[in-house]
Each structure stands twice: as C-alpha cells, then as structure tokens.
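J.:
In the numbering used here, the protein residues as written are 99 to 176.
1. Taking 8 angstroms as the limit between beta carbons, can you name the residues of its chain near residue 113, skipping five residues before and five after?
2. Mapping DSSP to helix, strand and coil, what is residue 227?
3. Have a look at the DSSP bridge pairing and note the partners of residue 149.
4. Rounded to whole angstroms, what's the CA-CA distance from residue 151 to residue 115? Just pull it up for me.
5. Check this for me: beta carbons of residue 147 and residue 159, under 7 angstroms apart or not?
6. Assuming residue 111 contacts residue 133 (C-beta within less than 8 angstroms), just tell me the rounded distance between them.
Put into structure tokens, the structure is as follows:
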C-alpha cells in the first residue's frame, strides 16, 4: 500500500472591511482578491450566503445548485 504525504499550506488573503456611511444607511463591503474568486470559480451574479459560526468565523456557503464547478446555466434552464 502506498502512503501519501500531502504538505498542503493554507494561504490567507488579508482583506479590509469597508464601510460607506450615508445619511439614512450604512453599507459594509468585503472584496474578494482576484486569486480567491478565480480559485473558487465564482461567476458574475452568483448568489452566496454568509453563515455566522461565531464571532471569529463566517463561512461563505454556495447553494447546492452553484456548487458544481464548471457547470454553467443555459438560458433554456430557467
């Protein structure tokens, strides 16, 4: 039996949280570095959900429909 030693390194991408204050509202933004968006194969207009794990962790969750990389929706699939 062959044994594999995977030396995986976890890379972090520091990102600043941006806040835009308006008279009647606030908008908070977190931008993804291009390398993260490309590695995750995000598509323009894709909808994701933030899941709050605790005050130190949020998980970005794709819908099951969007979780299949490389599968694109056709106009006829609507």
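We treat Cβ as the ideally placed atom computed from N, Cα and C, and that holds for glycine.
T.: So, from the data block:
1. Only 128, 129, 130, 131 meet the Cβ criterion.
2. The structure shown does not extend to residue 227, since the chain is modelled only from 99 through 176, so no value can be given for it.
3. Note: residue 149 sits in a beta bridge opposite 157.
4. The straight-line gap from Cα to Cα measures roughly 18 angstroms.
5. Cβ distance < 7 angstroms, so residue 147 and residue 159 count as in contact.
6. Rounded, the Cβ-Cβ distance is 7 angstroms, consistent with contact.
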